Amino acid sequence: MWRYLVVLASAVLLAGAALAQTRHTRPIRLIVPYVPGGGSDTIGRLLAPYITEEFGQQVVIDNRGGANSTIGTHLIARAAPDGHTFGMIDSAFVINPAVQQTLPYDTLKDFAPIALVRAAPLVLLVHPSLPAATLKDFIAYARVRPGKLTYGSAGTGSGQHLAGAQFHKAAALDITHIPYKGSGQAMADLLGAQISLMYITQSVANPHIAGGKLRPLAISSVKRSRFNPDIITFAEAGFPSVNAATINGIIAPAGTPRDVVQRLNTMVARVLKSRELEKKLPDLEFDGEVLTPEQFGAWIRAEVEKWHKLFKS
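Heads up: take any position in the sequence shown, counting from 1, add 446, and you land on the working numbering.
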């Protein structure tokens, strides 16, 4: 009898081991719910080589912009949960349930949270044609031109949109919001002076700041960024309520094998702790522990609830 139990136990362990390592037999699709050029796209492309190394399959970036990220996010939800499809998310993922009456997916049920990659503060950038060298100058300039200035964002409900909404309300400014299909398109229009200003992550802003093509006025971080110590914070300027940030994370379709989720989470943690990404992304400023998939899921639920309460009020 005991021999039978030993054989049975061994069979169970072997079966468990086989199930614990999902095989990847074809290229992996990483869906970015925005057009190329924005923050989500940048991070997705930085992560792609590490995902390829982890699973031994080439990663294909699939940009599906539109409808404030819901088109691409819906594709993630509908994909087969076999470990061959992952998706990038940003702030719109947790804000959309509050600002859109209906969504083609359930934010809390249709996805497997994997890892939160970053929470990045936003820099207020203006085109050099605006005669405003400081935030104080900008406020004075905007107040006498109600409704005439415009600011772009990656879409309604994005962190970029909310940073503007927070500041414009706090400073009593009337500035028109123009949502785009992604921050890349908005940045192109800002560089071309088609819009007046934008709130964007440092990784996207810094090349344009260094080249003198755009002018930074303030940043939404709690304290000054070690990457841009000369840029004052909104809090320093008397606007502590301006604290919106852009987040980026990785998700998969609900039902994705647990071992795949855990392997990718562990890989992200390793890369972040080694600061490999920080060398390529000058606004990551990673300092702490990477959330587990369960913790990331709890964070998403808390953020969805927070934004629901804010927009309801």
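The beta carbon of each residue, even a glycine, is placed where N, CA and C say it ideally should be. Predicted model, so just to flag it, every value in this text is computed and none were measured.
Asked: Report all residues from its chain with a CB closer than 8 Å to the CB of alanine 639; omit the five preceding and five following residues, and keep chain order.; Found: His573, Ser575
Asked: Do the region 532–551 and the region 592–607 make contact, defined as three or more Cβ pairs closer than 8 Å?; Found: yes
Asked: So for proline 543, helix, strand or coil by DSSP?; Found: helix
Asked: DSSP on alanine 698, reduced to helix/strand/coil?; Found: strand
Asked: Using DSSP bridges, identify the partner residues of valine 707.; Found: DSSP lists no partner for valine 707.
Asked: Name the DSSP bridge partner or partners of methionine 534?; Found: Ile696
Asked: Pull up the distance between the alpha-carbon of alanine 651 and that of arginine 721, whole angstroms please.; Found: 20 Å
Asked: Is there contact between the region 624–638 and the region 483–490, where contact requires at least three CB pairs shorter than 8 Å?; Found: yes
Asked: Let me check understanding here. Comparing Cα to Cα, which of Val736, Val714, His754 lies closest to glutamate 499?; Found: Val714
Asked: Measuring only the C-alpha atoms, how far is alanine 656 from glutamine 648?; Found: 11 Å
Asked: Mapping the DSSP letters down to three states, classify arginine 564 as helix, strand or coil.; Found: strand
Asked: Cα separation between glycine 533 and valine 590?; Found: 43 Å
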